[in-house]
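First comes the structure, then the notes that go with it.
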């Protein structure tokens, strides 16, 4: 209704930092007709830990996921991104929370489609506009 082409649904409460994957589930289930009619891409933001999470969202029609914490904790980010993609490259992978440009470049080379930055005050991964440039 607002003309958005992409809608990101944050599964993480910015007040408590708890994650509820049901947030994306509810939005998609309650707005399926409008999303399809508007040809809107839906992104599940936060809480994606493994390939099973990605597949679950794919079945619902979600076409993008944001991966932040799982990637930052991974010993092998390239392998994790490859695992999230599986054999089906139709899901786009967004990584988030980088403070070091070299790590962001590494994620892009490993196959991440988008690189996200955190500007929210209080996050340990917050960057300034100057740092983002």
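Numbering (full-length UniProt numbering), first residue to last: 1 to 133. Think of the CB as a built atom: it goes at the ideal place given N, C-alpha and C, for glycine as much as any other residue.
Residue i: first and last residue of the uninterrupted alpha helix (DSSP H) it sits in
i: residue 114; result: First-last for residue 114: 114–116, but that is the beta strand (DSSP E), not the alpha helix (DSSP H).
i: residue 44; result: Counting along the chain, residue 44 falls outside any alpha helix (DSSP H), though it belongs to the beta strand (DSSP E) covering 41–45.
i: residue 52; result: 51–60
i: residue 109; result: 101–109
Nearest-angstrom Cα separation, counted from residue j out to residue i
i: residue 79; j: residue 110; result: 8 Å
i: residue 24; j: residue 12; result: 10 Å
i: residue 16; j: residue 129; result: 25 Å
i: residue 118; j: residue 8; result: 15 Å
i: residue 105; j: residue 112; result: 9 Å
i: residue 41; j: residue 5; result: 6 Å
i: residue 58; j: residue 121; result: 32 Å
i: residue 132; j: residue 98; result: 10 Å
i: residue 77; j: residue 100; result: 14 Å
Residue i - DSSP class collapsed to helix/strand/coil
i: residue 73; result: helix
i: residue 83; result: helix
i: residue 28; result: helix
i: residue 95; result: strand
i: residue 128; result: coil
i: residue 35; result: helix
CB contact check: residue i to chain B, cutoff 8 Å
i: residue 21; result: Although the question refers to chain B, the structure presented lacks it and comprises just one protein chain.
Start-to-end residues for the beta strand (DSSP E) that takes in residue i
i: residue 7; result: 6–10
i: residue 65; result: 64–67
Is it the case that the stretch 70–90 contacts the stretch 32–45, given that we only count it when at least three CB pairs across the two stretches are under 8 Å? The way I'd put it, the stretch 32–45 doesn't touch the stretch 70–90; fewer than three beta-carbon pairs between them come closer than 8 Å.
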